[in-house]
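Please read the structure below before turning to the comments.
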Amino acid sequence: MPTSESADARDRADTEHRDDGGQAADDARPLPPRLPKRWEIGAPDAVTPLAAGPGDRSWRVDAAGGAFFLREHTGADRRRVLFQHGVTAALDAAGLPVLAPVPARGGRTLVTAAGRGYVLYPWVGGRGRGGLELTFTQCEALGELLGRLHAALDELTPPVQQSMLVPTARAADAAAAVEAMLRDVPDGGDGTDFDALTARRLRERRALLTEFAGHQPPDIEVSTVGHLHGSFHAEHLRYGGSGNVTAVLGWGGLTTGPVAGEVVRAAARLFACEDERGLDLDRVQAFVRGHRSAFPLDAGQIQSAVHREWWERLCDVAPLRHRYLGEDGAGERGPATLVGWWSAHLDRTLDAFAVPYTAGYADAPGDSPAYG
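Number 54 in numbering that gives the first Met the number 0 belongs to position 55 of the sequence shown; there are no gaps in the numbering.
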């Protein structure tokens with residue numbers, strides 16, 4: 000299992016893309032030797048490079064003052080990074096499991112050396128856990144944590160315009176992309192078994208796009224919007240021995256948007272089975288119930304977000320390109336296997352996500368199937 004720091008280092012939201020040759024040159028470039036002395040952490044005993052994705056470099060720094068995670072920012076938007084630092088520091092000060100950057104001697108959190116930016120964080124322990132590993136009580140606690148984060152973000156960040164037009168993906172564009180992909184896949188007797196599987200999956204998606212073309216959600220204005228984590232899923236969560244979350248990582252994706260959308264996206268990433276079982280809706284309900292306890296929305300917003308998330312997945316061909324054509328970038332929505340199940344159970348998921356907002360469920364959680 001990777002460490003929390005190496006997982007956070009793979010977050011590419013504020014790094015620029017470089018080709019493999021440029022990345023190899025960067026990997027060989029040494030860390031500025033005096034850089035660790037910019038922080039009051041004591042003399043470093045060891046500076047160990049960590050595995051990271053393209054465009055990222057990071058290190059574990061063991062010093063007299065403890066263990067730390069040092070991350071390099073290349074081509075980052077300084078204003079965006081500093082805003083992120085201010086937000087995470089405020090969340091940390093509010094008692095939430097968020098890592099605040101360590102200020103350097105001069106008080107800066109983004110230190111520049113040799114034309115590049117560097118940020119130091121405390122090293123955090125814990126391990127990763129998949130959403131399906133969690134008990135129902137832990138699912139509810141995790142939803143409550145996301146709700147507390149939303150409530151704190153609402154309180155600690157500047158107001159977001161409370162009327163936001165959310166554009167909708169077009170099925171025709173997705174269908175055209177699938178057609179173009181099909182032309183690149185060998186068919187008939189010239190291809191491999193994997194080529195045949197690829198063509199079949201692409202045709203299945205094309206058929207779904209045709210069947211559900213009339214189910215497109217509208218370009219609606221949503222009322223409850225705010226600052227969002229932007230990438231709340233298992234890879235950005237670390238747990239302690241007691242099962243509590245010790246750190247929420249991945250704040251490079253900090254953004255604004257509909258709060259209900261983040262709740263639904265998070266649940267779909269956390270509780271998806273990568274087979275014919277689809278979504279674990281009992282765990283989904285526990286998660287949404289937990290969020291409701293800390294940041295209540297309403298059933299209509301949740302159902303609208305479910306509809307939109309399903310539609311965006313239906314029209315998102317990036318996971319198909321990644322899985323079957325070997326292209327980079329699987330996207331934030333995870334594997335493509337859930338789309339068929341979700342399309343066949345759309346009405347069921349619309350109802351299930353909204354169950355925690357019904358009076359009976361809210362008043363008697365012990366009677367919920369998620370707590371059976």
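Don't be surprised by glycine CBs; every beta carbon is placed ideally from N, CA and C.
Three-way DSSP call (helix, strand, coil) for residue i in this model
i	result
glycine 130	helix
threonine 246	Note that residue 246 corresponds to alanine in the displayed sequence, not to threonine. DSSP places alanine 246 in strand when its eight states are reduced to three.
leucine 141	helix
glycine 251	helix
glycine 124	coil
aspartate 172	helix
glutamate 71	strand
serine 342	helix
leucine 196	helix
leucine 34	helix
glutamine 22	Any reading at glutamine 22 needs caution, since the residue's pLDDT is 47, under 50, leaving its predicted position unreliable; the model's value is listed next. Note: glutamine 22 maps to helix in three-state DSSP.
glycine 114	coil
arginine 165	The amino acid occupying residue 165 in the given sequence is valine; arginine does not appear at that position. Coil, per DSSP.
arginine 237	strand
leucine 119	strand
leucine 372	Residue 372 lies beyond the residue range present for the chain, which begins at 0 and ends at 371; the question has no answer from this structure.
aspartate 91	helix
alanine 358	helix
glycine 213	helix
Residue i, buried or exposed, once every other Cβ within 10 Å from all chains shown has been counted against 16
i	result
leucine 145	buried
proline 295	exposed
aspartate 192	exposed
histidine 228	buried
histidine 226	buried
glycine 289	buried
serine 241	exposed
histidine 214	exposed
aspartate 186	exposed
threonine 87	buried
threonine 372	With the chain represented from 0 up to 371, any question about residue 372 goes unanswered, as that position is not in the structure.
glutamate 178	exposed
threonine 47	exposed
arginine 78	exposed
glycine 130	buried
threonine 348	buried
proline 318	buried
Own chain partners of residue i with C-beta closer than 7 Å, once the 5 adjacent residues on each side are dropped
i	result
alanine 351	Leu280, Val283 and Gln284
alanine 151	Leu90, Ala93 and Leu95
leucine 345	Trp309
Contacts around residue i, its chain only, beta-carbon distance under 8 Å, and the 5 residues preceding and following it disregarded
i	result
alanine 62	Pro35, Ile40, Gly41, Ala42, Pro43 and Asp44
valine 80	Asp13, His72, Leu109, Gly116 and Val118
According to DSSP, residues forming a beta bridge with residue i
i	result
threonine 156	Paired residues: none, contrary to the question.
histidine 226	Thr255
glycine 65	Ala62
arginine 78	Answer by DSSP bridge pairing: none, since arginine 78 is not bridged.
arginine 56	Glu71
leucine 201	Leucine 201 pairs with nothing; no bridge assigned.
alanine 353	Bridge partners of alanine 353: none, in fact.
alanine 42	Paired residue(s): none; alanine 42 is not in a bridge.
glutamine 48	Reading off the sequence, residue 48 comes out as proline, not glutamine. Answer is Trp58, bridged to proline 48.
Cβ-based neighbour list, residue i, same chain, cut-off 6 Å, excluding 5 preceding and 5 following
i	result
alanine 377	Any question about residue 377 goes unanswered here, given that the chain covers just 0 to 371.
valine 110	Arg37, Ala103 and Tyr117
serine 230	Gly249 and Gly252
aspartate 153	Gly225
glutamate 139	Ala285, Arg288 and Gly289
valine 262	His290
Please list the segments of the alpha helix (DSSP H) lying wholly inside the segment 255 to 340, counting only runs of 4 or more residues, in order along the chain. Listed in chain order, they are 258 to 269, 280 to 293, 298 to 314 and 317 to 324.
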